[in-house]
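Novice: Handing you a structure now.
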Amino acid sequence: ICNGIAAAGELDAVYLDLHGAMVVESYDDGEGELLRRVRAVVGPDLPVVVSLDLHANVTEAMVELCDGITLYRTYPHVDMSATGQRAFALLKQRIKNGPLAKTFRKTPFLIPLAAQCTDFEPCKSLYRELPGYVDGAVFNVDIALGFPLGDIRECGPALVAYGTDAAAVTAAADKAFAAMLDA
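Residues 31 to 213, numbered by our numbering, are exactly what the sequence shown covers, in order.
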């Protein structure tokens, strides 16, 4: 991936469609390490946006090293195209507005895979409500339910939010995160 990016020449941005629950022997955070290497190639200013599986174990490094993260909102996964469209929209906003405000939250618990189906409660309501947190200043709010079998330090559910107004992004994230904790 990094060699391909380096060989591509001048870029306007980077978009990566990753899984988000990579486990490797040499690093505790596989995707975080990949994003660190991508940043080493493209530098700190080039927009980098990723989309991830709903089961991603989103880490602090992943959030720090990219400008935006979007996540699948269905399990079984049927919204790959819609997730890619949200990622592209977020990338356009990043290019248009410069660096975006971001908020990241992690839960203090794991959710078994059998309880992560978005066709049933409580996940059904959590994901149905996500578009309601988006407004003119908040571009995206997404939830990762985590992959509890990935034996890494930052394993577990998380929430990410992005927009142009830091206070609005934090408020939307806090509201959505409270709903996660109450579910």
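All C-beta atoms in this analysis are idealised placements derived from N, C-alpha and C, irrespective of residue type, glycine included.
(1) Reducing DSSP to helix, strand and coil, say where Ala197 ends up.
(2) Going residue by residue through the region 112-181, where are the continuous alpha helix (DSSP H) segments of at least 4 residues, counting only ones entirely within it?
(3) Would you check whether the ligand HEM has a heavy atom nearer than 6 Å to the C-beta of Val53?
(4) Is it right to say Asp75 is buried, meaning 16 or more other beta carbons lie within 10 angstroms of its own, or is it exposed?
(5) Inspect the beta-carbon positions of Asp83 and Arg183 and report whether they are closer than 7 Å.
(6) By alpha-carbon positions, which one of Gly73, Gly98, Phe177 ends up nearest to Gly50?
(7) Under the DSSP definition of a beta bridge, which residues are partnered with Val44?
Specialist: In brief:
(1) Correct three-state label for Ala197: helix.
(2) Taking only runs of at least 4 residues, the alpha helix (DSSP H) segments lying wholly in the region 112-181 are 153-159.
(3) The model on display carries no ligand, and the ligand HEM is accordingly not part of it.
(4) exposed
(5) no
(6) Restricting attention to Gly73, Gly98, Phe177, the CA atom closest to the CA of Gly50 is found in Phe177.
(7) Val78
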